[in-house]
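A.B. asks: Just so it is clear: in the sequence shown, position 244 is 244 by the UniProt record's numbering, and no numbers are missing.
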Amino acid sequence: MDQKHLQRLRERIDAIDDRILDLLNQRAKVVIEVGKAKKGARADFYVPSREKAIFDRLILKNSGPFPEEGVRRVFREIISASLSLEEPMKVAFLGPQATFTHVAAMQQFGHSAKLVPQKSIPAVFEEVGRGRAHYGVVPVENSNEGIVNHTLDMFLDSELKIITEILLEISHDLLSRSGRMQDIRKVVSHPQALAQCRGWLEENLPDASLVDVASTALAARIVAEDENAAAIASEQAGAMYGLKVVKKKIEDNPNNFTRFLVIGRNTPPRSGKDKTSLMFSVKDEPGILYRMLEPFSQRGINLCKIESRPLRSKAWEYIFFLDLDGHIDDQEVADAIRDLGKYCQFLKILGSYPKVL
């Protein structure tokens with residue numbers, strides 16, 4: 001290779017980097033002004049719909065060859081660092097560190113936010129409810145294993161709102177100290193992770209014992225002290241505890257996603273592509289299921305999901321959780337919810353927020 005030509009290319013890169021740095025600082029100065037304006041208007045400094053609009057606009061404008069996912073990741077960190085200039089952001093999440101909830105929180109808030117692990121889903125709600133954290137991140141649904149009931153139950157007594165959702169592709173790695181399959185006598189992980197990899201384990205490690213623990217991150221920590229054990233955990237957990245990859249992506253179903261909710265105190269404004277979540281209970285009587293769905297059908301409102309849970313206070317009575325397309329500030333949505341309320345013993349709007357998909 002021509003060394004002079006290579007040197008000229010590197011000098012061009014340096015010059016471009018200098019321009020990028022200058023533009024980042026120009027952007028930061030504008031962000032500081034935005035923060036002052038928001039403080040004067042007492043507006044929320046974190047607006048998920050605004051972030052989504054930024055990502056969508058930049059990805060649409062990107063002509064390459066820089067990859068779309070690279071654009072999202074770079075600007076995720078730019079926005080994260082910019083928000084920290086306005087006000088240091090504290091985010092509680094279901095811990096410990098290196099769990100998939102932690103990964104989801106980093107994906108949403110970037111590395112400049114202060115991410116604080118909590119021992120339980122109620123603890124995340126409490127941190128946000130008492131104002132010790134600005135936001136919280138909790139799992140709500142897995143595409144293979146279904147709903148996280150504990151998260152839904154928390155909304156019964158909480159005034160917190162869903163302000164956005166995160167969709168994270170779940171990829172399970174088999175990790176150990178040596179990185180050798182022949183050393184493995186037992187496999188440690190969270191019960192859901194073990195269930196999602198059961199077929200692979202039966203085929204490749206039929207004689208290994210399976211051990212349930214509280215989280216995939218805890219599994220990685222345990223395996224770091226046991227040369228005959230392997231953990232099913234995230235790539236981040238392996239890096240944190242110095243483990244080697246035995247096999248990547250061992251989940252039986254490659255189409256494996258977990259949906260997380262970001263909880264906060266205020267409902268964000270409309271983004272133009274929103275979802276509203278409700279919880280309600282109805283009196284058991286003939287035709288009630290038809291009547292509670294009719295207000296949405298009449299207005300052509302799409303229902304994304306409906307779940308039912310036994311009501312803890314009364315035997316054989318149920319509470320329903322409903323996701324629908326639209327924002328509570330949309331007249332059609334507000335009217336449909338008003339009509340639904342006529343049949344409800346209890347109705348609560350959990351939030352209107354930007355849709356991921």
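Cβ atoms here follow ideal geometry from the backbone N, Cα and C, with glycine treated the same way.
ALA233 and ALA219 - do their beta-carbons sit closer together than 7 Å?
C.D. replies: In the sequence shown, counting from the first residue as 1, residue 219 sits at position 219. In the sequence shown, counting from the first residue as 1, residue 233 sits at position 233. The answer is yes: Cβ separation under 7 Å.
A.B. asks: Mind checking who LEU169 pairs with in its DSSP beta bridge?
C.D. replies: Position 169 of the sequence shown, counted from the first residue, corresponds to residue 169. The question names Leu, but residue 169 in the sequence shown is Glu. DSSP, once it has assigned bridges, lists PHE257 as partnering GLU169.
A.B. asks: So, does the region 195 to 205 touch the region 248 to 267, judging by three or more C-beta pairs under 8 Å?
C.D. replies: Judged by Cβ distances under 8 Å, the region 195 to 205 makes contact with the region 248 to 267, as three or more pairs qualify.
A.B. asks: Between the region 157 to 176 and the region 258 to 277, do at least 3 Cβ pairs fall closer than 8 Å?
C.D. replies: Counting Cβ pairs under 8 Å, three or more are found: they touch.
A.B. asks: Where does VAL148 fall in DSSP's three states?
C.D. replies: Position 148 of the sequence shown, counted from the first residue, corresponds to residue 148. If DSSP states are grouped into helix, strand and coil, VAL148 belongs with coil.
A.B. asks: What did DSSP end up calling ASP14 once you bin it into helix, strand or coil?
C.D. replies: If you number the sequence shown from 1, residue 14 lands on position 14. Helix at ASP14.
A.B. asks: So ILE301 packs on ARG309, CB below 8 Å; how close in whole Å?
C.D. replies: Sequence index remark: in the sequence shown, residue 301 carries index 301 (1-based). Sequence index remark: in the sequence shown, residue 309 carries index 309 (1-based). With 8 Å as the limit, ILE301 and ARG309 do not qualify as a contact, their Cβ atoms being about 23 Å apart.
A.B. asks: If you draw a straight line from the C-alpha of ARG177 to the C-alpha of GLU227, how long is it?
C.D. replies: The residue labelled residue 177 in the question sits at position 177 within the sequence shown. The residue labelled residue 227 in the question sits at position 227 within the sequence shown. Near 6 Å, if we compare the C-alpha coordinates of GLU227 and ARG177.
A.B. asks: When burial is assigned at 16 or more other CB atoms within 10 Å of the CB, is ILE288 buried or exposed?
C.D. replies: Numbered from its first residue, the sequence shown carries residue 288 at position 288. It is exposed - the Cβ of ILE288 has fewer than 16 other Cβ atoms within 10 Å.
A.B. asks: Taking its Cβ as the centre, do 16 or more other Cβ atoms sit within 10 Å of SER297, making it buried, or is it exposed?
C.D. replies: Position 297 of the sequence shown, counted from the first residue, corresponds to residue 297. When all chains shown are included, SER297 counts as exposed.
A.B. asks: Taking ALA104 as the reference, give the member of GLY146, GLN236, ASP323, LYS244 with the closest Cα.
C.D. replies: Translated into the one-based positions of the sequence shown, residue 104 becomes position 104. The shortest Cα separation from ALA104 among GLY146, GLN236, ASP323, LYS244 belongs to GLN236.
A.B. asks: According to DSSP, which residues form a beta bridge with GLY245?
C.D. replies: Against the sequence shown, residue 245 aligns to sequence position 245. The question names Gly, yet the displayed sequence has Val at residue 245. LEU175.
A.B. asks: So, is ILE79 buried or exposed, given that buried needs 16 or more other C-beta atoms within 10 angstroms?
C.D. replies: Here residue 79 refers to the residue found at position 79 when the sequence shown is read from its first residue. That one is buried.
A.B. asks: Using 7 Å as the threshold, is the C-beta distance between ASN144 and ASN266 below it?
C.D. replies: For this step, residue 144 is matched to residue 144 along the sequence shown. For this step, residue 266 is matched to residue 266 along the sequence shown. For ASN144 and ASN266, no; Cβs fall outside 7 Å.
A.B. asks: Can LEU350 and GLY341 be called in contact, C-beta distance under 7 Å?
C.D. replies: As a working mapping, residue 350 is identified with position 350 in the sequence shown. As a working mapping, residue 341 is identified with position 341 in the sequence shown. Not a contact, by the Cβ cut-off of 7 Å.
A.B. asks: Using 8 Å as the Cβ pair cut-off and three pairs as the minimum, do the region 64 to 84 and the region 94 to 114 touch?
C.D. replies: Taking 8 Å as the limit for Cβ pairs, the verdict is that the region 94 to 114 does touch the region 64 to 84.
A.B. asks: Please state whether DSSP places THR101 in a helix, a strand or coil.
C.D. replies: Position 101 of the sequence shown, counted from the start, is the residue given in the question as residue 101. Here THR101 sits in helix by DSSP.
A.B. asks: Within 10 angstroms of the Cβ of ILE32, are there 16 or more other Cβ atoms? Answer buried if so, exposed if not.
C.D. replies: Indexing the sequence shown from 1 puts residue 32 at position 32. The residue is exposed, with fewer than 16 neighbouring Cβ atoms inside 10 Å.
A.B. asks: Between the C-alpha atoms of HIS5 and GLU11, what's the straight-line distance to the nearest angstrom?
C.D. replies: Mapped onto the sequence shown, residue 5 falls at position 5. Mapped onto the sequence shown, residue 11 falls at position 11. Computed Cα separation, rounded: 10 Å.
A.B. asks: Kindly confirm or deny that the region 119 to 132 and the region 92 to 107 touch, where touching means at least three C-beta pairs closer than 8 Å.
C.D. replies: They touch, by the three-pair rule.
A.B. asks: On the premise that ILE328 lies in contact with ALA334, defined as a C-beta separation below 8 Å, what is that separation, rounded to the nearest angstrom?
C.D. replies: Your numbering for residue 334 matches position 334 in the sequence shown. Your numbering for residue 328 matches position 328 in the sequence shown. Confirmed, about 6 Å.
A.B. asks: Which whole runs of the beta strand (DSSP E) in the region 54 to 139 are 3 residues long or more, in chain order?
C.D. replies: List check, beta strand (DSSP E) in window: 90 to 94, 114 to 118.
A.B. asks: Which residues mark the beginning and the end of the alpha helix (DSSP H) in which LEU205 is found?
C.D. replies: The residue labelled residue 205 in the question sits at position 205 within the sequence shown. Segment: none, LEU205 is in no alpha helix (DSSP H) and carries neither H nor E.
A.B. asks: Mind checking GLN118: buried by the 16 CB within 10 Å criterion, or exposed?
C.D. replies: By 1-based counting over the sequence shown, the position of residue 118 is 118. Counting Cβ neighbours within 10 Å, GLN118 comes out buried, since at least 16 surround it.
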